[in-house]
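Residue numbers (this note's numbering): 161 to 334. Backbone N, C-alpha and C fix where the C-beta goes; we use that ideal spot for every residue, glycine too. Quick caveat, the model's predicted, so the values are computed rather than measured.
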């Protein structure tokens, strides 16, 4: 017989995991100095079952949001409205502005978002993480990468499908 006054083991584990994730995120994104203008990343991967995993290089503050869909045939713009439904849209960014880019796997193929400079070099500023997301292999999986835009940014692509999943980065100001 089950006593309904006690939470299930699954509920306790789910709540414990949420509390742990919140504690870890608070530690990763918290204080310590001002914005140095370097690229930092925080990658959150959502799984089909509603779980998440987060890897953080840490930064906080207001972030502009960009959303893309990932298909082997190309990235599909979703947000902001100016890129909605556009294939491999040009990402217009402001140097020094923080961005949160979330993409969703639309076809179940393995994808990964990466930003490079004019020489196709992966961006590594001040020994910080690359502007690169985790991969997603399952349809419906969402991945988020946060970063600060840099004048060095030129192009983005999927490391697994660079011929079809590629777009330009246009940097303004700074």
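Problem set entry | As assigned by DSSP and simplified to three states, the class of residue 327 | Here the question's residue 327 lines up with position 167 in the chain shown. Reduced to three states, the DSSP call for residue 327 is strand.
Exercise. Can the beta-carbon of residue 329 be found closer than 7 angstroms to that of residue 320?
Worked result: Residue mapping note: residue 329 aligns to position 169 of the chain shown, counting from 1. Residue mapping note: residue 320 aligns to position 160 of the chain shown, counting from 1. Not a contact, by the Cβ cut-off of 7 angstroms.
Exercise. Taking the continuous beta strand (DSSP E) assigned at residue 229, which residues delimit it?
Worked result: Counting from 1 along the chain shown, the entry for residue 229 is found at position 69. Residue 229 -> beta strand (DSSP E) spans 224-231.
Exercise. Name the DSSP bridge partner or partners of residue 236?
Worked result: Locating residue 236 in the chain shown gives position 76, where the first residue counts as 1. According to DSSP, residue 236 bridges with 229 and 247.
Exercise. Of the choices 323, 257, 331 and 332, whose alpha-carbon is the least far from that of residue 231?
Worked result: For this step, residue 231 is matched to residue 71 along the chain shown. Distances from the alpha-carbon of residue 231 to those of 323, 257, 331 and 332 put 323 closest.
Problem set entry | Local Cβ density within 10 Å of residue 325, reported as buried at 16 or more and exposed below that | Taking the first residue of the chain shown as 1, we reach residue 325 at position 165. When all chains shown are included, residue 325 counts as buried.
Exercise. If you check the beta carbons only, do residue 333 and residue 244 fall under 7 angstroms apart?
Worked result: As a working note, residue 333 is residue 173 in the chain shown. As a working note, residue 244 is residue 84 in the chain shown. Judged by their CB atoms, residue 333 and residue 244 are not nearer to each other than the 7 angstroms cut-off.
For this session: Taking residue 314 and residue 276 to be in contact with their CB atoms under 8 angstroms, please state how far apart those CB atoms are, rounded to whole angstroms.
Result: The residue given as residue 314 occupies position 154 in the chain shown. The residue given as residue 276 occupies position 116 in the chain shown. Going by Cβ atoms, the distance from residue 314 to residue 276 rounds to 6 angstroms, so yes, they are a contact pair.
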